[in-house]
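Everything in the sequence shown is counted per our numbering, starting at 3 for the first residue and increasing by one.
To start, the structure itself, in structure tokens.
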Amino acid sequence: MFSCSIFLGISLLNILRGFYVSACDYSCPDKPVLTPSRLVVKHGDPTSAICVACQKDCLPLEESIIGMEASRGKTTSNGTTLTWKVDHLTEWELTPKCFYTDTNDNQCCSNLIVTVYKPPEHVIMRLYETGPLTEGTEYTLECSVQKVAPARNLIVAFYRGQTQLGHMKSTNTTKVPVSGTFSLSYNTSKEDNGAHFWCEAKLELGAEGPKPPPVLKSNDIIVTVHYGPELKVPADPAPINIISGKTLQLNCSAEGNPDPLYNWTLPSNKGHHTEKTLTVESVDVQDGGRYVCTVSNKVSTVSVGFNVIVQKNNLPYIIAAIIAAVVLCFIGVAVFYTFYYKQNKMGKYRLKDVFHLGTVDHTTVPLSL
Numbered sequence: 003m004f005s006c007s008i009f010l011g012i013s014l015l016n017i018l019r020g021f022y023v024s025a026c027d028y029s030c031p032d033k034p035v036l037t038p039s040r041l042v043v044k045h046g047d048p049t050s051a052i053c054v055a056c057q058k059d060c061l062p063l064e065e066s067i068i069g070m071e072a073s074r075g076k077t078t079s080n081g082t083t084l085t086w087k088v089d090h091l092t093e094w095e096l097t098p099k100c101f102y103t104d105t106n107d108n109q110c111c112s113n114l115i116v117t118v119y120k121p122p123e124h125v126i127m128r129l130y131e132t133g134p135l136t137e138g139t140e141y142t143l144e145c146s147v148q149k150v151a152p153a154r155n156l157i158v159a160f161y162r163g164q165t166q167l168g169h170m171k172s173t174n175t176t177k178v179p180v181s182g183t184f185s186l187s188y189n190t191s192k193e194d195n196g197a198h199f200w201c202e203a204k205l206e207l208g209a210e211g212p213k214p215p216p217v218l219k220s221n222d223i224i225v226t227v228h229y230g231p232e233l234k235v236p237a238d239p240a241p242i243n244i245i246s247g248k249t250l251q252l253n254c255s256a257e258g259n260p261d262p263l264y265n266w267t268l269p270s271n272k273g274h275h276t277e278k279t280l281t282v283e284s285v286d287v288q289d290g291g292r293y294v295c296t297v298s299n300k301v302s303t304v305s306v307g308f309n310v311i312v313q314k315n316n317l318p319y320i321i322a323a324i325i326a327a328v329v330l331c332f333i334g335v336a337v338f339y340t341f342y343y344k345q346n347k348m349g350k351y352r353l354k355d356v357f358h359l360g361t362v363d364h365t366t367v368p369l370s371l
């Protein structure tokens with residue numbers, strides 16, 4: 003209902019005829035033209051609109067009813083042009099109406115669509131979970147929006163960092179400020195550990211609304227996510243061959259939250275080992291077999307097995323054989339030199355033979371004459 007009516011240029015004759023705004027005809031060919039046709043106004047702000055009541059089907063002013071009916075504001079006229087102004091629009095629901103009486107005594111009307119909006123006072127992000135979250139578990143994110151109008155233009159979006167997780171539109175058609183809570187189900191992963199979750203409330207008010215649209219962001223929620231160990235090495239590695247006497251190192255590093263614990267099972271049952279890297283100095287044949295590393299935290303447990311084959315070290319025997327062969331070869335060469343080369347190549351010489359070879363032959367050779 004309208005609490006106040008403003009009529010301009012009303013003649014006593016037309017009052018007696020009984021023309022009322024309630025008998026409006028919205029299909030007149032020459033209906034009133036409002037500029038703008040739709041107003042979007044922030045609650046408490048000033049606003050105005052102009053109405054050209056008619057252009058060709060108007061009666062003389064003294065015989066016609068031309069007016070602007072509104073529950074707030076003031077109207078001034080200049081012929082068939084009306085100007086409606088409000089200094090502070092504080093009413094949530096109003097529909098100003100411009101009208102006139104045409105030549106057929108019909109009351110032609112046009113309504114001014116007015117949207118009064120109010121950005122939310124507060125936007126609060128909540129996660130009803132105490133302590134760390136667990137990977138692979140579904141949780142409910144809640145975004146509470148307080149005192150916003152009109153609710154039908156409200157869009158709430160959820161974010162993880164700068165990535166939108168989803169959005170939803172309010173179905174409330176109330177024009178006065180209301181509060182509401184919006185929920186989103188979310189399944190956590192290890193990548194969410196340390197992530198920021200938040201939401202925002204936005205009023206999408208159309209082409210006539212403010213640009214950019216009013217947006218209010220919530221608080222951030224930083225989550226801790228517990229997740230089971232993930233191996234950084236193959237869970238079923240290829241068999242490992244190693245020569246006895248060498249150092250054996252096996253690694254089963256894993257990542258998890260909370261930090262995982264390590265436990266090794268050795269084929270030789272040598273001690274209790276809790277490091278991510280197992281080191282066995284100078285392995286022997288009895289150290290061969292299956293080594294199992296178990297990695298666990300409060301979320302889950304994984305394991306990795308290593309098959310180790312220890313081979314005897316034959317290198318010392320090979321080296322000894324090579325040395326023996328070299329020694330035998332050296333001895334053979336020495337014997338050959340002593341008993342063959344010196345006897346046959348250098349020969350045997352006696353001292354008297356040396357002097358005999360130096361005697362001069364004095365045989366006389368006759369001369370031929």
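Glycine is no exception: its CB is placed at the ideal position from the N, C-alpha and C atoms.
query, result
"Is GLN166 helix, strand or coil by DSSP?", "strand"
"Go ahead and pull the three-state DSSP assignment for GLN288.", "helix"
"Answer with buried or exposed for THR117, where buried requires no fewer than 16 other C-beta atoms within 10 angstroms of its C-beta.", "buried"
"What number of angstroms, rounded off, separates the C-alpha of PHE9 from the C-alpha of ASN155?", "With a pLDDT of 36 at PHE9, under the threshold of 50, the modelled position of this residue cannot be trusted, and the question is left open."
"Between the beta-carbon of PRO38 and the beta-carbon of GLU210, is there less than 9 Å?", "yes"
"Classify CYS331: buried if its beta carbon has 16 or more other beta carbons within 10 angstroms, exposed otherwise.", "exposed"
"How would you write the range of the beta strand (DSSP E) that ASN265 sits in, first residue to last?", "263-267"
"Rounding to the nearest angstrom, what Cα-Cα distance links PRO231 and VAL306 in this structure?", "12 Å"
"What residue does the beta strand (DSSP E) around GLU140 start on, and which one ends it?", "140-150"
"Closest to CYS145 by CA distance: which of PRO152, ILE157, GLY138 and LEU135 is it?", "ILE157"
"Is the region 78-91 touching the region 182-191, taking contact as three or more C-beta pairs under 8 Å?", "no"
"Quick check on LEU156: does DSSP put it in helix, strand or coil?", "strand"
"Measuring alpha carbon to alpha carbon, tell me which of PHE101, GLY334 and THR97 ends up nearest THR82.", "PHE101"
"Where in the region 88-115 do unbroken runs of the beta strand (DSSP E), each at least 3 residues long, occur, reported from the N-terminal end onward?", "99-103 and 109-113"
"On the three-state DSSP scale, how would you describe ASP27?", "strand"
"Any idea if TYR28 is buried or exposed, counting beta-carbon neighbours within 10 angstroms, 16 or more meaning buried?", "exposed"
"DSSP three-state label for GLY334, please.", "helix"
"How far does the beta strand (DSSP E) with ILE67 in it extend, from its first residue to its last?", "That residue, ILE67, is in no beta strand (DSSP E); it is neither H nor E in DSSP."
"Return yes when the Cβ of ASN259 is within less than 9 Å of the Cβ of VAL235, no when it is not.", "no"
"Under a three-way DSSP split, which group does ALA256 fall into?", "strand"
"Exposed or buried, ASP222, counting other C-beta atoms within 10 Å across all chains shown (16 or more means buried)?", "exposed"
"Based on the DSSP secondary-structure assignment, which residues constitute the bridge partners of HIS198?", "ILE224"
"Would you mind giving the Cβ-Cβ distance between ASN315 and PRO262, rounded to the nearest angstrom? I have them listed as a contact below 8 Å.", "Actually they do not touch by this definition, with Cβ atoms about 36 Å apart."
"Within 10 Å of its beta-carbon, does ASP421 have 16 or more other beta-carbons around it, so buried, or fewer, so exposed?", "This structure does not reach residue 421, given that the chain is present from 3 up to 371, and the question cannot be answered."
"Along the chain, where does the beta strand (DSSP E) that runs through GLN57 open and close?", "No beta strand (DSSP E) holds GLN57; DSSP gives it neither H nor E."
"For TYR119, count neighbouring Cβ atoms within 10 angstroms of its own Cβ and tell me buried if that reaches 16, exposed if not.", "buried"
"By how many angstroms is the C-alpha of THR49 removed from the C-alpha of VAL43?", "7 Å"
"At the level of alpha carbons, what is the spacing between PRO122 and VAL180?", "9 Å"
"Return helix, strand or coil for THR340, following the three-state DSSP convention.", "helix"
"Here's a check: name, in chain order, each residue in its chain whose Cβ is nearer than 8 Å to the Cβ of GLN166, leaving out the five neighbours to either side.", "ALA159 and PHE160"
"What does DSSP give as the partner residues of ALA203 in its beta bridges?", "VAL158 and LEU218"
"Does the region 281-295 touch the region 242-252, meaning 3 or more C-beta pairs lie closer than 8 Å?", "yes"
"Examine the Cβ distances between the region 189-203 and the region 214-221 and report whether three or more of them are shorter than 8 Å.", "yes"
"Consult DSSP for THR117 and reduce its assignment to one of helix, strand or coil.", "strand"
"Only counting the same chain, and skipping five residues up and downstream in sequence, which positions put a Cβ closer than 8 Å to that of THR183?", "GLU144, CYS145, SER146 and VAL147"
"In angstroms with no decimal places, state the Cα-to-Cα distance between LYS149 and HIS124.", "8 Å"
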